[in-house]
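Heads up: the sequence shown begins at 9 in our numbering, then just goes up one per residue.
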Amino acid sequence: MPTLRPLLTELAQTPVAQPPDVVSNLAVYLPLVVMFALAAAFAVFSALLGPLLGPSRYNKAKVAAYECGIEPSPQPVIGGGRVPVAYYLTAMLFILFDIEMVFLYPFAVSADVLGMFGLLEIFLFIATVGFAYAYVWRRGGLDWN
């Protein structure tokens, strides 16, 4: 029958794992904390120093609201000041085509992984965007009159 003495001596000689040093683990984040502290200090410094060093000469033109080069009037425009629909259509078209083009970036990043399947899919995607562009153009959505 084996004795327990060799097993106990072997266990006694095995080094005991020390708990991790919390301070050395947190030292990894020190550059990040310093960067955030510098960014916050720069923001506060800029916000406080601007009014002190900036010019304080105010006149009627600087205080007035700027409306894209149009002289502001105290009375509303006749007709309720409605904005033409063409502005909204242009904004929606911009968002539509801008968002569709954003979908091309993931393909550009992983084009080698996707292979021929990805190339076919991106051609179909570009064709769909092209058809939508041609449709909007033919319907007069890009005419500004």
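Note that CB positions come from ideal geometry on N, CA and C, so glycine has one too.
Quick caveat: nothing in here was measured; it's all calculated off a predicted structure.
| query | result |
| --- | --- |
| Contact the segment 55-74 vs the segment 109-118: 3+ CB pairs below 8 Å | no |
| Through-space distance from Y141 to A5, alpha-carbon basis | The question about residue 5 has no answer here: the residues shown for the chain are numbered 9 through 153. |
| Whole-angstrom distance between I134 and D151, CA atom to CA atom | 23 Å |
| For D151, the three-state DSSP class (helix, strand or coil) | coil |
| Within 7 Å, strictly: CB atoms of G149 and L97 | yes |
| Other residues of its chain near V137: CB distance less than 6 Å, five sequence neighbours each side excluded | E108 |
| For F102 and A35, the rounded distance between their alpha carbons | 47 Å |
| Supposed close pair V116, G126 - CB separation, criterion 8 Å | Before going further, note that residue 116 is Ala rather than Val in the sequence given. About 10 Å; that fails the 8 Å criterion. |
| Reference G62; option with closest CA among K68, A69 and S54 | S54 |
| Span of the alpha helix (DSSP H) around T98 | V93 to V110 |
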